[in-house]
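Enquirer: Chains as they are written, first to last, in the working numbering: chain H, 60 to 135; chain V, 60 to 135; chain C, 60 to 135; chain P, 60 to 135; chain E, 60 to 135; chain F, 60 to 135; chain U, 60 to 135.
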Amino acid sequence: MAEANTQSLLGEALESVVLVKLRGGIYVRGKMKSFDQHLNLLIEDAQEMVEDGTMKSLGTIIVRGDNVILISPTPK
Amino acid sequence: MAEANTQSLLGEALESVVLVKLRGGIYVRGKMKSFDQHLNLLIEDAQEMVEDGTMKSLGTIIVRGDNVILISPTPK
Amino acid sequence: MAEANTQSLLGEALESVVLVKLRGGIYVRGKMKSFDQHLNLLIEDAQEMVEDGTMKSLGTIIVRGDNVILISPTPK
Amino acid sequence: MAEANTQSLLGEALESVVLVKLRGGIYVRGKMKSFDQHLNLLIEDAQEMVEDGTMKSLGTIIVRGDNVILISPTPK
Amino acid sequence: MAEANTQSLLGEALESVVLVKLRGGIYVRGKMKSFDQHLNLLIEDAQEMVEDGTMKSLGTIIVRGDNVILISPTPK
Amino acid sequence: MAEANTQSLLGEALESVVLVKLRGGIYVRGKMKSFDQHLNLLIEDAQEMVEDGTMKSLGTIIVRGDNVILISPTPK
Amino acid sequence: MAEANTQSLLGEALESVVLVKLRGGIYVRGKMKSFDQHLNLLIEDAQEMVEDGTMKSLGTIIVRGDNVILISPTPK
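(1) Under 8 angstroms: do the stretch 106-125 of chain E and the stretch 120-133 of chain U share three or more Cβ pairs, one atom per stretch?
(2) Would Lys90(P) pass as a contact of Ile102(P) if the rule is Cβ separation under 8 angstroms?
(3) Leaving out five residues before and five after Val76(H) in sequence, what residues of the same chain have Cβ atoms less than 6 angstroms from its Cβ?
(4) Helix, strand or coil for Ser131(E), going by three-state DSSP, please let me know.
(5) Pull up the CB-CB distance for Gln106(H) and Arg82(H), whole angstroms please, since I reckon it's below 8 angstroms.
(6) For Met108(E), which option in Leu98(E), Gly84(E), Gly118(E), Ser67(E) has the closest C-alpha, if you only look at C-alpha atoms?
(7) Excluding the 5 residues flanking Ala72(U) on each side, which residues of the same chain have their C-beta closer than 7 angstroms to its C-beta?
(8) Count the other C-beta atoms from every protein chain shown that fall within 10 angstroms of the C-beta of Asp95(P), then say buried if there are 16 or more, exposed otherwise.
(9) In angstroms with no decimal places, state the Cα-to-Cα distance between Gly118(U) and Ser93(C).
(10) Leaving out five residues before and five after Lys80(H) in sequence, what residues of the same chain have Cβ atoms less than 7 angstroms from its Cβ?
(11) Using DSSP with H/G/I as helix, E/B as strand and the rest coil, what is Leu89(E)?
(12) Answer with yes or no whether the minimum CB distance from Leu129(V) to chain H is below 8 angstroms.
(13) Is DSSP giving Leu98(P) helix, strand or coil here?
(14) Measuring only between beta-carbons, confirm whether Leu117(V) sits less than 8 angstroms from chain H.
(15) For Gly118(E), which three-state DSSP category applies?
(16) Once the 5 residues before and after Leu98(U) are set aside, which same chain residues still bring their CB inside 6 angstroms of it?
(17) Who are the near neighbours of Gly70(V) in its chain, counting only those whose CB is closer than 6 angstroms to its CB and skipping five residues on each side?
(18) Please list the terminal residues of the continuous beta strand (DSSP E) segment that includes Leu78(E).
(19) By Cβ distance below 6 angstroms, which residues in the same chain neighbour Met60(F) in space, the five residues on each side in sequence not counted?
(20) Whole angstroms are fine: how far does the CA of Glu74(E) sit from the CA of Asp104(E)?
(21) If we cut at 8 angstroms on Cβ distances, does Leu98(P) have a partner in chain F?
(22) Which residue or residues does DSSP assign as beta-bridge partners of Glu103(E)?
(23) In its own chain, which residues sit with a C-beta less than 6 angstroms from the C-beta of Gly112(E), not counting the 5 before and 5 after it?
(24) Can you find a C-beta in chain C that's less than 8 angstroms from the C-beta of Leu81(V)?
(25) Rounded to whole angstroms, what's the CA-CA distance from Leu78(V) to Leu100(P)? Just pull it up for me.
(26) Check whether the Cβ of Leu101(C) lies closer than 8 angstroms to any Cβ atom in chain V.
(27) With a threshold of 8 angstroms between beta carbons, is Leu73(P) in contact with chain F?
(28) Output yes if chain E places a C-beta closer than 8 angstroms to the C-beta of Arg123(C); else output no.
(29) If we ignore side chains and look at the alpha-carbon of each, how far apart do Ser67(U) and Ser67(C) end up?
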C-alpha cells in the first residue's frame, strides 16, 4: 500500500464520523461527506469542540484543507 | 460524492448566508455571492464578529481565501 | 456568478476607496488603482490605521497580496 | 544514495512503528501503513502524546504532511 | 490600469527612495535599484528602522520578497 | 560556483555528521545519509538537542525539509 | 536594471562577506560561496550572532532560503 495518494487514504473515511484536528486548537467532529485534492472537507452535522470544552453545532461545513492537522475516525 | 473538487463543495452554499471563520480569531457573516478556485470569497452584507463580541458592518467584501478556516451555512 | 476568478471579484472595487485588512493587525485605507493576480494592490492616498488608533499617511503604496485578509469598499 | 526522493526515504519506515513529531508540540506514535508524495501519513493504532504527558488513543488516523517535523522509527 | 502585473506596479518606484515594511516589525528605507518577479528587492543606501526607534546603516541589501508587507515611496 | 542548485550544495555534506537547526528551537545532530530536492533529510544516529540542554537519541530519522533553517557540518 | 532576476541580484555578493538576517531573530555572517534559485546559501566561515549578543562559529553552512529576510554585504 506504499505510495498511495491522498485520495485513497481519505476515501476509507468517507461517510463515517471523523474527528478533525485543526491548527489553532480547533477540533471538529461530524460525518465526512466529501473531500477534494487540497484536503478541503465537507462535513455534515459538524460540531466544533473548542479546547475549553465548549461545543457548538455548525450543521454542514466546508473546512479548508490547509488547516487540517489530522483526521481520525471516531469509535461508534 | 468522493473526490469532488472545491468548486462543487462551495457551490452548494452560494447565495445563502454563511459564517466564515478566519485565522486570527476573525468571524465574518454574510451572503456568499461568489468564490474562485483559491477560496477567495465575495460576501454581501458582511458583518465582522470579533471574538470580544463586537460586530462591524462591512458591506460587500472580498475575503482572501488562504485566511479561511471553515465556512458554515447559518440557520435561517 | 459562481466560479468567478479573483480578477472579476476585485475589478468591481477598482478606483473606489477600500479598507484593506492585513495580517498583523494592520489596516490600510485608500483608493485602489490597480491589482494583479497575486492580489498585490496599488493604493493611492493610502493611510495606515494601526490598531492603537494612530493614522499615518503613506501616499501611493504597493501592498503584497499574501498579507491581505479582506478588502472592503468603504462608505462614501 | 544521494538525491533519493521522498518516497524512497519513507519506504524504509513502512509497516513499522514510528514516532512522528508535528508542529505545535504534538507527537503521534503508531504503525505507518501508507504515505503519499505530500508526506500525508496513514497511521494505525495511533496514540497522540501531548507535551504535558497525556496520551490519547486515536485508532487509524490520517496526518496532513505539512505538519510533520520529523519521523523516527521507535525501538521495538 | 486594471489587472496590471507586479512588475508594472513596482516599475513606477524604481530609482526612488522607498520605505519597505517587512514582517516582524521591520522597516527598511533606501533607493530601490532593482526587483524581480518574487518581489525580491535590491536596495541601495539602506537603513533598517527597528520599531524601538533605532536605525542601522546596511549599505546595499537584498530583501527576500516574501517578507514584504508594503512598499511606499517616501516624500523627498 | 555561482547558481549551483540545492543538490550540489548538500552533496558536499553527505555521509558526514551535521548539525541541523530546525524551526521551533530544535537542533538535530547525526550523520546525513540522504536528501531530496525538498531538503527532506535522512539522518542516522540522530540526537535531538532541545534548547533547555536535554538530548534524546532518535536513531535514524526523516526530517521534513521545510522545517530546516540551516545545516552545519560539525567538527570531528 | 529593472526586472532583474534573483540570480543577478545575488551574483553581485558572491565571494564577499555578507550579513544574513533570518527569521526568528537569527543573524549569520560569513563569506557567500554559492546560492541557488530558492535563495539557499552556502556560507563559509559562518558565525551565528544570536540577538542576546553571543556568537557561535559554524564553519561552512547551508542556509535554507525561505528563512532569509535580507542579505547585506558588510564593510571590509
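Where is the CB? At the ideal position from N, CA and C, for every residue including glycine.
Expert: So, from the data block:
(1) Output reads yes: the stretch 120-133 of chain U touches the stretch 106-125 of chain E.
(2) The residue given as residue 90(P) occupies position 31 in the fourth sequence. The residue given as residue 102(P) occupies position 43 in the fourth sequence. Annotated as proximal: Lys90(P) and Ile102(P), with beta-carbon spacing under 8 angstroms.
(3) Residue numbering aside, residue 76(H) sits at position 17 when the first sequence is read from its first letter. Excluding positions up to five away in sequence, the list reads Lys90, Thr133.
(4) If you number the fifth sequence from 1, residue 131(E) lands on position 72. Of the three classes helix, strand and coil, the one that applies to Ser131(E) here is strand, per DSSP.
(5) Here residue 106(H) refers to the residue found at position 47 when the first sequence is read from its first residue. Here residue 82(H) refers to the residue found at position 23 when the first sequence is read from its first residue. Contact between Gln106(H) and Arg82(H) does not hold, since the beta-carbon distance rounds to 18 angstroms and is not under 8 angstroms.
(6) Taking the first residue of the fifth sequence as 1, we reach residue 108(E) at position 49. Relative to the Cα of Met108(E), the nearest Cα in the group Leu98(E), Gly84(E), Gly118(E), Ser67(E) belongs to Gly84(E).
(7) For the purposes of this step, residue 72(U) is taken as residue 13 along the seventh sequence, with counting starting at 1. Leaving aside the five residues that flank Ala72(U) on each side, the residues in its chain whose CB is nearer than 7 angstroms to its CB run, in chain order, Met91, Ile130, Pro132.
(8) By 1-based counting over the fourth sequence, the position of residue 95(P) is 36. Classification for Asp95(P): buried.
(9) One-based indexing of the seventh sequence puts residue 118(U) at position 59. One-based indexing of the third sequence puts residue 93(C) at position 34. Rounded to the nearest angstrom, the two C-alpha atoms are 47 angstroms apart.
(10) On the first sequence, residue 80(H) is found 21 positions in, with the first residue counted as 1. Within the same chain, Lys80(H) has close Cβ partners Tyr86, Ile128, Leu129.
(11) Residue mapping note: residue 89(E) aligns to position 30 of the fifth sequence, counting from 1. Note that residue 89(E) is Gly in the sequence shown, not Leu. If DSSP states are grouped into helix, strand and coil, Gly89(E) belongs with the strands.
(12) By one-based count along the second sequence, residue 129(V) stands at place 70. Closer than 8 angstroms to some Cβ of chain H, the Cβ of Leu129(V) qualifies, so yes.
(13) Indexing the fourth sequence from 1 puts residue 98(P) at position 39. Under the three-state reduction of DSSP, Leu98(P) is assigned to coil, being neither helix nor strand.
(14) By one-based count along the second sequence, residue 117(V) stands at place 58. Chain H, which has no Cβ nearer than 8 angstroms to the Cβ of Leu117(V), makes this no.
(15) Mapped onto the fifth sequence, residue 118(E) falls at position 59. DSSP places Gly118(E) in strand when its eight states are reduced to three.
(16) The residue given as residue 98(U) occupies position 39 in the seventh sequence. Same-chain partners within the cutoff: Gly124, Val127.
(17) Taking the first residue of the second sequence as 1, we reach residue 70(V) at position 11. Short of 6 angstroms from the beta carbon of Gly70(V), and not among the five residues preceding or following it, lies no beta carbon of its own chain.
(18) Start at 1 with the first residue of the fifth sequence, and residue 78(E) comes out as number 19. Residues 76-81.
(19) Within the sixth sequence, the letter at position 1 stands for residue 60(F). Confidence in Met60(F) is poor, its pLDDT being 37 and thus under 50, which makes the residue's placement too unreliable to answer from.
(20) Taking the first residue of the fifth sequence as 1, we reach residue 104(E) at position 45. Taking the first residue of the fifth sequence as 1, we reach residue 74(E) at position 15. Their Cα atoms are separated by approximately 12 angstroms.
(21) Locating residue 98(P) in the fourth sequence gives position 39, counting from the first residue. Chain F, which has a Cβ nearer than 8 angstroms to the Cβ of Leu98(P), makes this yes.
(22) To locate residue 103(E), count along the fifth sequence from 1; it is residue 44. DSSP output for Glu103(E) lists Lys90(E) as bridge partner(s).
(23) On the fifth sequence, residue 112(E) is found 53 positions in, with the first residue counted as 1. The answer is none, since no qualifying residue turns up.
(24) Within the second sequence, residue 81(V) is the residue found at index 22, counting from 1. At least one CB atom of chain C sits nearer than 8 angstroms to the CB of Leu81(V).
(25) Indexing the second sequence from 1 puts residue 78(V) at position 19. Indexing the fourth sequence from 1 puts residue 100(P) at position 41. If you take the alpha carbons of Leu78(V) and Leu100(P), they lie about 31 angstroms apart.
(26) Numbered from 1 along the third sequence, position 42 holds the residue referred to as residue 101(C). No, Leu101(C) lies away from the interface with chain V (no Cβ there is under 8 angstroms from its Cβ).
(27) Residue 73(P) sits at position 14 when you count from the first residue of the fourth sequence. Chain F contact via Cβ: absent.
(28) Stepping through the third sequence from its first residue, residue 123(C) is reached at position 64. True, the Cβ-Cβ gap to chain E drops below 8 angstroms.
(29) To locate residue 67(U), count along the seventh sequence from 1; it is residue 8. To locate residue 67(C), count along the third sequence from 1; it is residue 8. Between the C-alpha atoms of Ser67(U) and Ser67(C) there is a straight-line separation of about 35 angstroms.
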